[in-house]
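Numbering (our numbering), first residue to last: 5 to 261. Yeah, the Cβ is synthetic: ideal placement off N, Cα and C, and Gly gets one too.
1) Which residue from 214, 167 and 193 puts its Cα closest to that of residue 206?
2) Between residue 197 and residue 157, which are expected to be in contact by the criterion C-beta below 8 Å, what is the C-beta distance as a whole number of angstroms?
3) How far does the alpha helix (DSSP H) with residue 232 in it extend, from its first residue to its last?
4) Can you name the start and end residues of the beta strand (DSSP E) that residue 195 belongs to?
5) Looking at the structure shown, is residue 131 part of a helix, part of a strand, or coil, going by DSSP?
6) How would you call residue 109, buried or exposed, if buried means at least 16 neighbouring beta carbons within 10 angstroms?
7) For the beta strand (DSSP E) containing residue 71, name the first residue and the last one.
8) So, residue 132 versus residue 160, is the Cβ gap smaller than 8 Å?
9) Which value, in whole angstroms, describes the spacing of the CA atoms of residue 179 and residue 122?
10) For residue 87 and residue 79, what's the separation of their Cα atoms in angstroms?
11) Can you give me the Cβ contacts of residue 202 inside the same chain, cut-off strictly under 6 Å, excluding the 5 residues immediately before and after it?
12) Using the DSSP secondary-structure output, state which residues sit across from residue 125 in a beta bridge.
13) Which residues does DSSP list as the beta-bridge partners of residue 139?
14) Taking the continuous beta strand (DSSP E) assigned at residue 265, which residues delimit it?
15) Tell me whether residue 214 is buried or exposed, calling it buried when 16 or more other Cβ atoms sit within 10 Å of its Cβ.
16) With a 10 Å radius around its C-beta and 16 neighbouring C-beta atoms as the bar for buried, classify residue 254 as buried or exposed.
17) Would you mind working out which of 241, 97, 248 and 125 sits nearest residue 137, comparing C-alpha positions?
18) Given a threshold of 16 other Cβ atoms within 10 Å of its Cβ, counted over all protein chains shown, does residue 184 qualify as buried or as exposed?
19) Taking just the CA atoms, how far does residue 233 sit from residue 70?
20) Which same chain residues end up closer than 8 Å to residue 129 when comparing Cβ atoms and leaving out the 5 residues on each side of it in sequence?
21) According to DSSP, what are the bridge partners of residue 78?
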């Protein structure tokens with residue numbers, strides 16, 4: 005394997021992990037199943053038919069930032085969003101949703117002098133799913149997030165991390181059209197989030213493992229190198245989750261058209 009290959013892999017590892025981190029965040033956002041309340045301390049009764057909700061993943065105060073454990077490097081990802089549905093208001097109400105995270109072009113300098121760029125795409129492996137426990141009242145747990153309605157969320161999201169358009173020192177590194185993690189990365193997020201407006205952003209930190217890569221390289225197999233540089237446990241992701249909408253009404257606070 006060439007020296008350039010090693011440099012490229014290292015430079016590209018960061019974006020991949022970042023993507024995984026973003027996915028994590030999105031999961032967390034899926035967790036908060038906002039409820040449209042009839043009263044200040046009562047969750048919406050519309051849950052029987054399903055209640056829409058949405059969260060931003062990352063904001064100006066705390067953009068989504070992922071640290072790749074093996075590289076000791078941080079990467080910032082563009083703001084994403086999660087749109088989902090909560091079904092019922094039992095102690096453990098099921099929720100599901102879809103994550104939308106823009107692909108990102110990343111720039112890194114490996115070995116202090118070799119510039120590398122590339123595009124990272126998060127490919128969902130099914131919907132994010134989980135459960136929420138809804139609480140009400142201005143005291144107790146909800147006091148921590150400053151709203152009368154809040155929820156303890158436990159959500160799992162699965163996503164493949166795909167790499168493309170890789171360049172090292174301005175020269176194309178052909179990773180091919182199918183360079184991605186061999187398995188989807190599994191991100192579990194547990195957080196206490198607000199389910200009413202005005203809703204302050206909630207800072208969330210999670211830890212995840214990055215799977216090995218497969219299908220990378222045309223002239224030579226770059227998958228083992230990427231796996232060795234990036235795959236493994238102990239990666240962290242920090243972001244702000246901000247409630248965007250609740251219920252089927254129109255803007256500014258409803259999720260309807």
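By the coordinates alone:
1) In the chain shown, counting from the first residue as 1, residue 206 sits at position 202. Comparing Cα-Cα distances from residue 206 to each of 214, 167 and 193, the minimum goes to 193.
2) Mapped onto the chain shown, residue 197 falls at position 193. Mapped onto the chain shown, residue 157 falls at position 153. Taking C-beta atoms under 8 Å as the contact rule, residue 197 and residue 157 qualify, at a distance of about 6 Å.
3) Taking the chain shown and counting its residues from 1, one reaches residue 232 at position 228. It spans 227 to 234 - the alpha helix (DSSP H) in which residue 232 sits, taken as one unbroken run.
4) If you number the chain shown from 1, residue 195 lands on position 191. Its beta strand (DSSP E) spans residues 189 to 198.
5) Residue numbering aside, residue 131 sits at position 127 when the chain shown is read from its first letter. DSSP places residue 131 in coil when its eight states are reduced to three.
6) In the chain shown, the residue the question calls residue 109 occupies position 105. Residue 109 comes out exposed.
7) Translated into the one-based positions of the chain shown, residue 71 becomes position 67. Residues 68 to 72.
8) Here residue 132 refers to the residue found at position 128 of the chain shown. Here residue 160 refers to the residue found at position 156 of the chain shown. Going by C-beta atoms, residue 132 is nearer than 8 Å to residue 160.
9) As a working mapping, residue 179 is identified with position 175 in the chain shown. As a working mapping, residue 122 is identified with position 118 in the chain shown. Put simply, the backbone Cα of residue 179 is about 10 Å away from that of residue 122.
10) Position 83 of the chain shown, counting from 1, holds the residue named residue 87. Position 75 of the chain shown, counting from 1, holds the residue named residue 79. Using only the alpha carbons, I get a separation of about 24 Å.
11) Translated into positions along the chain shown, residue 202 becomes position 198. Cβ within range, chain order: n/a, list empty.
12) Residue 125 sits at position 121 when you count from the first residue of the chain shown. Looking at the DSSP assignment, residue 125 forms a beta bridge with 166.
13) Working through the chain shown from its first residue, we reach residue 139 at position 135. Per DSSP, the beta bridge partners of residue 139 are 154.
14) Because residue 265 is not part of the residues shown, which for the chain are 5 to 261, the question remains open.
15) Indexing the chain shown from 1 puts residue 214 at position 210. Per the 10 Å Cβ criterion, buried.
16) Position 250 of the chain shown holds residue 254. Its Cβ having fewer than 16 others within 10 Å, residue 254 is exposed.
17) In the chain shown, counting from the first residue as 1, residue 137 sits at position 133. When 241, 97, 248 and 125 are compared, the shortest CA-CA separation from residue 137 is found for 97.
18) Position 180 of the chain shown, counted from the start, is the residue given in the question as residue 184. Burial is judged here by how many other beta carbons sit within 10 angstroms of a residue's own beta carbon; residue 184 has at least 16 and is buried.
19) Taking the first residue of the chain shown as position 1, residue 70 is located at position 66. Taking the first residue of the chain shown as position 1, residue 233 is located at position 229. Answer to the nearest angstrom: the Cα atoms are 16 Å apart.
20) Counted from its first residue, the chain shown places residue 129 at position 125. Correct list, in chain order: 162, 163, 164 and 188.
21) Mapped onto the chain shown, residue 78 falls at position 74. Beta-bridge pairing links residue 78 to 71.
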